[in-house]
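Take a look at the structure below.
Protein chains: 2
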Amino acid sequence: MTQPPEIGSGAPTLDQARRQIARYGLTADPQAVLVAARLMAAGARIGQAGEVHFGRFGLSTGRYRLLSDLEDHGGEKSPSQLAQSLGVSRATVTGLVDGLEREGLVARRPSTEDGRGNVVILTARGADKLRDLAPEHFDRMQGLVSGLTQEERATFLDLLARVVAGIDALTRD
Amino acid sequence: MTQPPEIGSGAPTLDQARRQIARYGLTADPQAVLVAARLMAAGARIGQAGEVHFGRFGLSTGRYRLLSDLEDHGGEKSPSQLAQSLGVSRATVTGLVDGLEREGLVARRPSTEDGRGNVVILTARGADKLRDLAPEHFDRMQGLVSGLTQEERATFLDLLARVVAGIDALTRD
DNA sequence: CCCACATAGTTAGCTACCTAAGCATATTCA
DNA sequence: TGAATATGCTTAGGTAGCTAACTATGTGGG
Chain A
172 MTQPPEIGSG
182 APTLDQARRQ
192 IARYGLTADP
202 QAVLVAARLM
212 AAGARIGQAG
222 EVHFGRFGLS
232 TGRYRLLSDL
242 EDHGGEKSPS
252 QLAQSLGVSR
262 ATVTGLVDGL
272 EREGLVARRP
282 STEDGRGNVV
292 ILTARGADKL
302 RDLAPEHFDR
312 MQGLVSGLTQ
322 EERATFLDLL
332 ARVVAGIDAL
342 TRD
Chain B
172 MTQPPEIGSG
182 APTLDQARRQ
192 IARYGLTADP
202 QAVLVAARLM
212 AAGARIGQAG
222 EVHFGRFGLS
232 TGRYRLLSDL
242 EDHGGEKSPS
252 QLAQSLGVSR
262 ATVTGLVDGL
272 EREGLVARRP
282 STEDGRGNVV
292 ILTARGADKL
302 RDLAPEHFDR
312 MQGLVSGLTQ
322 EERATFLDLL
332 ARVVAGIDAL
342 TRD
């Protein structure tokens, strides 16, 4: 019983989609379902790969994004602003800042304008970290899309944006 | 100081990519970097949306994928096989099965062939759950890609596959 | 002026994912 | 056959993300 390839990492096939749809007597378009399923599988894989990538530098995706966002805004931002621009909850920012602070890459200071607020500051060590990882980081990022020509990348960017717009269909009431 | 839109959810811009590359005097292609960054951001968003979607049915993405994979294989599979086909670690499968077993959607039975092994079985309740959520699930999956024509979806599938092949560039030594 | 309500941040508790280490059972081979 | 190795699964401990609840400070209205 040599089972078919089915190389782990959960990439669904068109046949799987067809069978699933048929099993319940539905009328969905198998190709559309396949694209959606592949997209979700790809999203998961890219996310994991990102963690491995940033892990090389002793960071996680979330921590890198926070540092990078901080640098893009003059090295100083409130946790709420960070949560907003990173698209995560404030609780998540608390956790990310906790970790980064422990490693000395950012620091917290009380806000001078709002007694409730903090400001998160990029430290010199944090800036150094970003500088150090930049060459390899950008090089690998380019590698990720090196299988596409420049024109294909433009097409992909367009299609991806339209799919992202469709995310609402997945979550709306 | 009305700051530019910058609508949360962390979609990076071409300008950001350019500035970051320039800051360190690198030669990377900003467009390629942008595509990679957008892809990672999209992956995260789709992943979260998926959790919301499956959460509607009292499941998570991982739990749904496990149930679905089980059904696609006659309702019976070992944890190791599940880990392989889902592309996650065996430890993760242990956790997913723990949760699903608690809810009566799967059951564990000792393997008859291997004294070390288990077999995970899809219960009647598990099969019912899959049947119940199918119509809405497939409908929303279609909705996710409804912004693309059939031809565009085919193109997207091709480009996505080539990007997935590039994941290796992100993680290899 | 004070109370009600809004906002900033943290904490607690959940899920998913990982790696590494542990335990039990199989298998291989000298 | 007995020891070394391989395999199956679980456990322990880590990170990231979420929501909900809590504390503290700000703000606005009667």
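The listed protein sequences correspond, in order, to chains A and B.
Residue numbers for the first sequence follow the working numbering, so the first one is 172 and each next one is one higher.
Residue numbers for the second sequence follow the working numbering, so the first one is 172 and each next one is one higher.
Quick reminder that beta carbons are idealized off the backbone N, C-alpha and C, glycines included.
Would you mind telling me which residues of chain A sit closer than 8 Å to residue 338/B, beta carbon to beta carbon, in chain order?
216, 217, 220 and 315
List the residues of chain B that residue 310/A touches, going by C-beta distances under 8 Å, in chain order.
199
Under 9 Å between beta-carbons, which chain B residues line up against residue 285/A? List them in chain order, please.
By Cβ distance, chain B contributes nothing, its closest Cβ being about 16 Å from residue 285/A, past 9 Å.
Under three-state DSSP, which class holds residue 201/B?
helix
So with Cβ pairs under 9 Å, would you call residue 268/A a contact of chain B?
no
Give a yes or no on whether the C-beta atoms belonging to residue 319/A and residue 204/B are separated by under 9 Å.
no
Using DSSP with H/G/I as helix, E/B as strand and the rest coil, what is residue 280/B?
Here residue 280/B sits in strand by DSSP.
So, are the CB atoms of residue 281/A and residue 291/A less than 9 Å apart?
Their beta carbons are not under 9 Å apart, which means residue 281/A does not touch residue 291/A by this criterion.
Among the residues of its own chain, which have a CB less than 7 Å from the CB of residue 184/A, if the five just before and after it don't count?
Nothing listed; no residue qualifies.
Between the C-alpha atoms of residue 250/A and residue 258/A, what's the straight-line distance to the nearest angstrom?
12 Å
Buried or exposed: where does residue 121/A fall if 16 or more other Cβ atoms within 10 Å of its Cβ makes it buried?
Chain A is shown from 172 up to 344; residue 121/A falls before or after that span and cannot be answered.
For residue 327/A, which residues from the same chain have a beta carbon less than 7 Å from its beta carbon, with the 5 sequence-adjacent residues on both sides left out?
319
Relative to the C-alpha of residue 287/B, which candidate in 294/B, 186/B and 279/B has its C-alpha closest?
Checked all of 294/B, 186/B and 279/B; the closest Cα to residue 287/B is 279/B.
What residue range does the beta strand (DSSP E) around residue 290/A cover?
289 to 293
Give the secondary structure of residue 247/A by DSSP, where H, G and I count as helix, E and B as strand, and everything else as coil.
strand
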